[in-house]
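Chemist: Supplied in structure tokens, the structure appears directly below.
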Amino acid sequence: MNRSSYDSLLAFLNAFPVVANREKGELLSKLKPKEIKELLSMGILAEEKVPPTCPDGSPVVDVLKPKEDPRKRGKYLLRCQSGKIKELSPEEYENKFTVYRVMYPALMRVILEILDVPLDSEPDIMLGFVEISDESLAVVLLTKPPKKPRDYFRILSRYIQNKKLIILIGHDKSLDAFLEIVGILPLGNLVYFVPFSLLLDKRLKSDLAYWIEANSEIEDLERRIINSIQPENFRKLMVSVETNPRYLLSLLSNLKTLKLKNMPKFDEYFENTSSLAFRYLYGVDITFGGSKNRGVKVPDSIVFIRDPTGPAVRVIGIVDAKSSINVDFRKELTEKYGKYLSHILRSDIYKAAPLKPDIPFIFVLFRFNLHSLIDLHGRLMNYVHSRFKEFEDKVYTVVVPVDTLEILLRARLSIVLREGDLSESGLDRFFLSIFTKEYLKTVKEEQNQEIVKSLRRYTTSFKGSVEDFIKFDRLYILPPEIIITELEKLASEYSSLRELVDDIKKAAEESKYYFD
Numbered sequence: 002m003n004r005s006s007y008d009s010l011l012a013f014l015n016a017f018p019v020v021a022n023r024e025k026g027e028l029l030s031k032l033k034p035k036e037i038k039e040l041l042s043m044g045i046l047a048e049e050k051v052p053p054t055c056p057d058g059s060p061v062v063d064v065l066k067p068k069e070d071p072r073k074r075g076k077y078l079l080r081c082q083s084g085k086i087k088e089l090s091p092e093e094y095e096n097k098f099t100v101y102r103v104m105y106p107a108l109m110r111v112i113l114e115i116l117d118v119p120l121d122s123e124p125d126i127m128l129g130f131v132e133i134s135d136e137s138l139a140v141v142l143l144t145k146p147p148k149k150p151r152d153y154f155r156i157l158s159r160y161i162q163n164k165k166l167i168i169l170i171g172h173d174k175s176l177d178a179f180l181e182i183v184g185i186l187p188l189g190n191l192v193y194f195v196p197f198s199l200l201l202d203k204r205l206k207s208d209l210a211y212w213i214e215a216n217s218e219i220e221d222l223e224r225r226i227i228n229s230i231q232p233e234n235f236r237k238l239m240v241s242v243e244t245n246p247r248y249l250l251s252l253l254s255n256l257k258t259l260k261l262k263n264m265p266k267f268d269e270y271f272e273n274t275s276s277l278a279f280r281y282l283y284g285v286d287i288t289f290g291g292s293k294n295r296g297v298k299v300p301d302s303i304v305f306i307r308d309p310t311g312p313a314v315r316v317i318g319i320v321d322a323k324s325s326i327n328v329d330f331r332k333e334l335t336e337k338y339g340k341y342l343s344h345i346l347r348s349d350i351y352k353a354a355p356l357k358p359d360i361p362f363i364f365v366l367f368r369f370n371l372h373s374l375i376d377l378h379g380r381l382m383n384y385v386h387s388r389f390k391e392f393e394d395k396v397y398t399v400v401v402p403v404d405t406l407e408i409l410l411r412a413r414l415s416i417v418l419r420e421g422d423l424s425e426s427g428l429d430r431f432f433l434s435i436f437t438k439e440y441l442k443t444v445k446e447e448q449n450q451e452i453v454k455s456l457r458r459y460t461t462s463f464k465g466s467v468e469d470f471i472k473f474d475r476l477y478i479l480p481p482e483i484i485i486t487e488l489e490k491l492a493s494e495y496s497s498l499r500e501l502v503d504d505i506k507k508a509a510e511e512s513k514y515y516f517d
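Using my numbering, read the sequence shown as starting at 2 and increasing by one per residue.
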């Protein structure tokens with residue numbers, strides 16, 4: 002690529018978000034005509050004439066060309082259905098009704114040529130980015146500069162679980178937000194960020210080639226080490242050679258320590274970590290909420306739990322991560338959660354579901370004041386009864402200690418790292434069921450003593466009997482002991498789970514699960 006072509010590409014990438022269509026006039030406000038001509042010659046832009054439209058939105062019923070202008074002024078006359086006449090000079094008409102479409106395949110081919118990265122697949126166009134990848138490497142062009150670390154969570158979470166290398170290309174202004182995410186989520190050496198301004202740097206090709214080769218060697222070394230160790234040492238040795246999802250596991254297990262050390266921006270850190278954990282377990286819209294809203298407008302994330310045998314959504318969970326060491330729910334506004342629920346009920350995914358999904362409010366936390374939870378739960382259920390009565394049987398409250406989230410993630414990742422199949426171990430049904438109302442109700446009835454025992458550990462004001470908690474309908478807690486007990490039941494049915502469950506139990510005993 003010659004310097005002129007590169008300068009035109011750089012001007013285009015820096016001009017504004019790389020969205021699919023731009024009017025000629027809009028493009029000319031940021032780019033020179035010769036730059037547009039260069040982009041057209043490279044196939045990055047394609048010119049298209051579009052039917053004229055009226056400014057008031059009404060259809061155009063007739064167009065008089067300049068030579069037909071009755072007043073001989075050489076203008077286009079647009080007769081609108083509303084009766085209005087719109088006059089445009091030939092230049093205005095050309096700029097308004099000539100559209101340039103971004104040809105993403107050609108754009109990505111040019112970028113791959115610059116990077117000297119041989120990828121042959123077709124690009125996938127996503128909201129905010131375009132990706133082209135193979136089994137081990139993804140080149141991702143940020144078509145809209147991420148403004149917050151959360152925007153990077155949405156993008157990077159697609160790749161981290163599979164330990165795929167990512168060459169991330171974006172606006173120079175995106176670098177600050179990227180550096181923030183590096184502090185929140187240890188990405189190891191998986192991501193190489195290339196600002197637009199360095200695309201033609203002489204050292205870039207050699208640096209990228211070295212980075213790809215070095216990561217390949219590291220992956221081979223890890224594979225040889227893992228294949229050579231004995232099963233009984235698997236869990237301990239994996240700590241030092243693990244893939245990135247284990248970093249998330251490490252974050253979860255150390256959240257309380259980070260909180261006690263008054264880590265800056267801990268609220269956002271806690272929310273992002275919790276959201277990403279649910280993202281690994283299920284599917285999460287982690288862009289829906291967050292700490293910047295201070296919980297007033299949106300929850301931290303929405304979790305979709307699908308039936309493993311088909312596309313049906315069984316549970317749509319509203320996740321709210323509470324970062325206080327001892328959460329007091331009396332300060333929470335009922336209307337806030339009512340808005341969350343209203344958002345779900347109006348969503349297309351809920352309306353389209355053949356069987357209406359359960360909608361739990363899921364609170365992720367360390368410890369909590371039980372009486373304040375009961376107070377909020379009562380207010381929520383009364384609110385649902387008065388505003389959404391036809392759905393009240395589907396709405397309930399679930400408390401998930403961070404310890405439980407850690408165990409669930411450990412079980413999920415253990416299967417992945419052993420290259421196992423969830424369906425062959427019964428874990429697919431397990432992960433599907435644990436947040437359903439039917440399952441939680443059964444567990445509460447069958448294991449009430451165990452639940453009460455956990456309540457005494459995770460609550461700061463529980464002095465009642467079993468009945469004091471059991472009597473509250475649609476109020477549940479998922480302590481780690483319950484998850485381990487359920488996994489034990491599965492292990493008695495599926496022998497392939499025996500080692501996994503033993504590992505999890507041992508890790509639970511060694512972990513800082515119980516807060517004193």
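For every residue, glycine included, the Cβ atom is placed at its ideal position computed from N, Cα and C.
#1: Would you list the residues sitting across from residue 354 in a DSSP beta bridge?
#2: Give the C-beta separation of residue 460 and residue 369 to the nearest angstrom, bearing in mind that I take them to be a contact with Cβ-Cβ under 8 Å.
#3: Rounded to the nearest angstrom, what separates residue 376 and residue 328 at their Cα positions?
#4: Put residue 283 into one of helix, strand or coil per three-state DSSP.
#5: If residue 140 sits next to residue 168, beta carbons under 8 Å apart, how far is it from one beta carbon to the other, in whole angstroms?
#6: Suppose contacts are defined by Cβ-Cβ distances below 8 Å. Is residue 118 in contact with residue 45 by that definition?
#7: Spatial neighbours of residue 232 within its chain, please: CB distance less than 8 Å, with the 5 preceding and 5 following residues excluded, ordered by chain position.
#8: At 4 residues or longer, and completely inside the segment 424-505: list those alpha helix (DSSP H) runs for me, N to C.
#9: If we ignore side chains and look at the alpha-carbon of each, how far apart do residue 482 and residue 121 end up?
#10: Once DSSP output is grouped into helix, strand and coil, what is the label at residue 222?
#11: Does the Cβ of residue 172 have 16 or more other Cβ atoms within 10 Å, making it buried, or fewer, making it exposed?
#12: Which same chain residues end up closer than 7 Å to residue 283 when comparing Cβ atoms and leaving out the 5 residues on each side of it in sequence?
#13: Have a look at residue 495 and residue 435 and give me their C-alpha separation to the nearest angstrom.
#14: Can you tell me which of the three DSSP states residue 323 falls into?
#15: Which whole runs of the beta strand (DSSP E) in the segment 109-154 are 3 residues long or more, in chain order?
#16: Measure the Cβ-Cβ separation of residue 49 and residue 41 and say whether it is below 8 Å.
#17: Which of the three DSSP states is assigned to residue 174 in this structure?
#18: So what does residue 47 bridge to, in DSSP terms?
#19: I'd like the ranges of any beta strand (DSSP E) spanning at least 3 consecutive residues and lying wholly in the segment 330-394.
#20: What is the DSSP secondary structure of residue 34, reduced to helix, strand or coil?
#21: Starting from residue 4, trace the alpha helix (DSSP H) both ways and give me its first and last residue.
#22: Three-state secondary structure (DSSP) at residue 89?
#23: To the nearest angstrom, how far is the alpha carbon of residue 504 from that of residue 489?
#24: Which residues in the same chain as residue 333 place their Cβ atom closer than 7 Å to its Cβ, once the five residues preceding and following it in sequence are excluded?
#25: Assign residue 413 to one of three DSSP states: helix, strand, or coil.
#26: Tell me the DSSP bridge mates of residue 307?
#27: Beta-carbon within less than 6 Å of residue 388's beta-carbon, same chain only, minus the 5 sequence neighbours each way: which residues are those?
#28: Reducing DSSP to helix, strand and coil, say where residue 302 ends up.
#29: Classify residue 207 as buried or exposed, calling it buried when 16 or more other Cβ atoms lie within 10 Å of its own Cβ.
#30: Taking 8 Å as the threshold (C-beta atoms), are residue 484 and residue 363 in contact?
#31: Hey, out of 433, 330 and 383, whose CA is closest to residue 359's CA?
#32: For residue 70, name the three-state secondary structure that DSSP assigns.
#33: What is the DSSP secondary structure of residue 405, reduced to helix, strand or coil?
#34: Among residues of its own chain, excluding the 5 on either side of residue 351, which ones have a beta-carbon nearer than 6 Å to its beta-carbon?
#35: May I have the straight-line CA-CA distance separating residue 267 from residue 502, to the nearest angstrom?
#36: Under the three-state reduction of DSSP, which class applies to residue 202: helix, strand or coil?
Modeler: With the structure as the only source:
#1: Partner(s): none; residue 354 has no beta bridge.
#2: 6 Å
#3: 13 Å
#4: coil
#5: Indeed they touch by this definition, with Cβ atoms about 5 Å apart.
#6: no
#7: Residue placement at residue 232 cannot be trusted, given a pLDDT of 40 that sits under 50; the coordinates are not used to answer.
#8: 428-434, 438-447, 449-459, 467-471 and 481-494
#9: 49 Å
#10: Per-residue confidence for residue 222 stands at a pLDDT of 47, beneath the threshold of 50, marking its modelled position as unreliable; no derived number is given.
#11: Residue 172 is buried by the Cβ-count criterion.
#12: 304, 305 and 306
#13: 18 Å
#14: coil
#15: 125-127, 130-134 and 138-143
#16: In this structure, residue 49 lies away from residue 41, with their beta-carbon atoms at least 8 Å apart.
#17: Collapsing the DSSP output to three states places residue 174 in a helix.
#18: 102
#19: 360-366
#20: helix
#21: 4-16
#22: strand
#23: 12 Å
#24: For residue 333, where only same-chain residues beyond five positions count, the Cβ hits under 7 Å are 377.
#25: helix
#26: Here residue 307 is bridged, per DSSP, to 314.
#27: none
#28: strand
#29: exposed
#30: In this structure, residue 363 keeps its C-beta atom at 8 Å or more from the C-beta atom of residue 484.
#31: 433
#32: coil
#33: helix
#34: 345
#35: 31 Å
#36: coil
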